[in-house]
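Trainee: The structure under discussion is supplied below as structure tokens; questions concerning it will follow.
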Amino acid sequence: MLTMRLVAILFSLTMTTILAHPDVLNKTVSSVPSSQNVEYGCIFENLFNKERHPDSFPSNNLVIHWTKPLITSHDISYSMWKEGELASPAVEKVIESGGNADIIKELQDRGESYDASYDKYLYAQNQLINFGRIEMNNFKRYISAISKLAPSPDWFSGFHDFDCVNPGSDTWYEEFVLAVYPYDAGTEEGDDYDPVNNPTNPPQPITQFTVDNIPQTTKVFLNKEGTGILPVATYTCTLSNDDGGMGVTQSPIFASLTRAPTGPLQTSSVQDNVQTENKTGLIAGIIVGVVTVIFVAGVLFYLFVYRKRNKNNHGTSTKKKQKRKNETLRKTEKESMDDDGMV
Ligand SMILES: [Ca+2]
Ligand SMILES: [Ca+2]
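Start counting the sequence shown at 14; every next residue gets the next number (this note's numbering).
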């Protein structure tokens, strides 16, 4: 009986280990109460490569990429995707073609705070994505993310409904790091990294790839030891409200100039360019501003000080002239009087 119970516990722990994904690699608690509006900065880092997932990995790795990774905050009434459930039409589009217009429309209609990056080709040196800040409040306290692994039939990764509030302290997490695994969306057939396939009919629930359910012909995603499936990416999200409340309203430009990076500084090249442009623009703005202030100060100085002094000088010299004139006049009168006296 005890043995049976132990087996049951072990089985449930094993199942938990298998199904409790994403893996929470790190979770630290802040003292910011959940009633306070906050923002999170999130970074995506690719872990999908030939070393970790050697079987059937495309020989032309130039084509391997993540499609437009998307991240959003939301309340409990929204569910972007969930294992064991059918993919929504919008999610099916993301997962089969990488098109995220429908899901973005869905988020915009709900007024969600989201960010979508560009396709991330994994041959590129920089495999990080630095998402724009995600706004959160006491209701919109969950974060979900999704991106398709391409080329593939309907394989994707991400996480869903991560509650950013620590229930014990009712405060926001300072930081959390999630390791995410590959899933099959159940909408398209196919066992290999090939995007052209028949639809799965009827569609099947979203399923996480495990050692037991990966296609046995290709063994995609299996680790090199053949014993398990390693995470394909990590997400690191950091609270940006740890500087006395400034983080809630500060602009991204201000934040990028004033805040030390919380993760690897590398961002996607597009965002790097944008940030560089933003910084260049800001510096140019500051220079123009300083020059303008100096110019205006110069004009004011001229108007109020230089001219006034001139005026004073002018007044003084006029007085001197008048004085000299008076003296001359008095002298002339005196001489005239003397002359009269002599006469
Ligand atoms: Ca389909
Ligand atoms: Ca499939």
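Yeah, the Cβ is synthetic: ideal placement off N, Cα and C, and Gly gets one too.
Predicted model only: the values in this text are computed from it and were never measured.
Assign Gln229 to buried or exposed, taking buried as 16 or more other Cβ atoms, counted over all protein chains shown, within 10 Å of its Cβ.
Mentor: Counting Cβ neighbours within 10 Å, Gln229 comes out exposed, since fewer than 16 surround it.
Trainee: Quick check: the segment 93 to 100 against the segment 223 to 240, are there 3 or more CB pairs under 8 angstroms?
Mentor: Touching, no, given that fewer than three Cβ pairs across the two stretches are closer than 8 angstroms.
Trainee: Could you give the distance in angstroms between the alpha-carbon of Ser101 and the alpha-carbon of Glu238?
Mentor: Distance between the alpha carbons of Ser101 and Glu238 is about 35 angstroms.
Trainee: So does Ile171 have its beta carbon nearer than 7 angstroms to some heavy atom of ligand 2?
Mentor: The question names Ile, yet the displayed sequence has Gly at residue 171. Result no, Cβ not under 7 angstroms from ligand 2.
Trainee: Go to Ala163, then tell me how far its beta strand (DSSP E) extends in each direction, as first and last residue.
Mentor: Segment 155 to 163, the beta strand (DSSP E) holding Ala163.
Trainee: Sort out for me which residues DSSP pairs Met149 with in a bridge.
Mentor: Note: Met149 sits in a beta bridge opposite Val51.
Trainee: Grouping DSSP H, G and I as helix and E and B as strand, with all else coil, what is Tyr196?
Mentor: The answer is strand: DSSP assigns Tyr196 an E or B state.
Trainee: Go ahead and label Thr200 buried or exposed: buried means 16 or more other beta carbons lie within 10 angstroms of its beta carbon, across all protein chains shown.
Mentor: It counts as buried.
Trainee: Could you tell me whether the segment 189 to 198 touches the segment 114 to 128, where touching means 3 or more Cβ pairs closer than 8 angstroms?
Mentor: Flag = no, the segment 189 to 198 and the segment 114 to 128 do not touch.
Trainee: To the nearest angstrom, report how far apart Pro35 and Asn236 are at their CA atoms.
Mentor: Distance between the alpha carbons of Pro35 and Asn236: 17 angstroms.
Trainee: If you pair each beta-carbon of the segment 44 to 54 with each one of the segment 146 to 157, do three or more pairs fall below 8 angstroms?
Mentor: The answer is yes - the segment 146 to 157 touches the segment 44 to 54, with three or more Cβ pairs under 8 angstroms.
Trainee: Taking 7 angstroms as the cut-off, is the CB of Glu109 close to at least one heavy atom of ligand 1?
Mentor: Within the cutoff, so yes.
Trainee: How big is the Cα-Cα spacing for Trp79 and Val303?
Mentor: If I take the Cα positions, the gap works out to 45 angstroms.
Trainee: Does the beta-carbon of Glu105, which I'm using as the reference point, lie nearer than 7 angstroms to any heavy atom of ligand 2?
Mentor: No, the beta carbon of Glu105 sits no closer than 7 angstroms to any heavy atom of ligand 2.
Trainee: If you follow the alpha helix (DSSP H) that Lys118 is in, where does it begin and where does it stop?
Mentor: Looking at the DSSP string, the run of the alpha helix (DSSP H) that includes Lys118 is 114 to 123.
Trainee: Is DSSP giving Val306 helix, strand or coil here?
Mentor: Here Val306 sits in helix by DSSP.
Trainee: With C-beta atoms as the reference, is Pro82 less than 8 angstroms away from Ser157?
Mentor: No. Outside cutoff.
Trainee: Given a threshold of 16 other Cβ atoms within 10 Å of its Cβ, counted over all protein chains shown, does Thr184 qualify as buried or as exposed?
Mentor: Classification of Thr184: buried, given that the 10 Å Cβ count is 16 or more.
Trainee: Who pairs with Phe189 in a beta bridge, going by DSSP?
Mentor: Partner(s): Lys40, Cys250.
Trainee: Using three-state DSSP, classify Ala103 as helix, strand or coil.
Mentor: Helix.
Trainee: Taking Cβ to Cβ, would you say Cys250 is nearer than 8 angstroms to Tyr127?
Mentor: Against a cut-off of 8 angstroms, the Cβ pair of Tyr127 and Cys250 comes out as no contact.
Trainee: Would Ala163 pass as a contact of Pro216 if the rule is Cβ separation under 8 angstroms?
Mentor: Not closer than 8 angstroms, so no.
Trainee: For my contact list, Thr231 and Asp68 are in at a C-beta cut-off of 8 angstroms; report their separation, rounded to the angstrom.
Mentor: Contact holds; Cβ gap of about 6 angstroms.
Trainee: Please report the residue range of the beta strand (DSSP E) in which Asp176 lies.
Mentor: From DSSP, the beta strand (DSSP E) with Asp176 extends over 168 to 176.
Trainee: Ser86 by DSSP, collapsed to three states: which one?
Mentor: In the structure shown, Ser86 sits in a strand (DSSP, three-state: E or B).
Trainee: Taking Ala137 as part of the beta strand (DSSP E), name the residues at either end of that continuous run.
Mentor: Unbroken run through Ala137: none, as it is neither H nor E.
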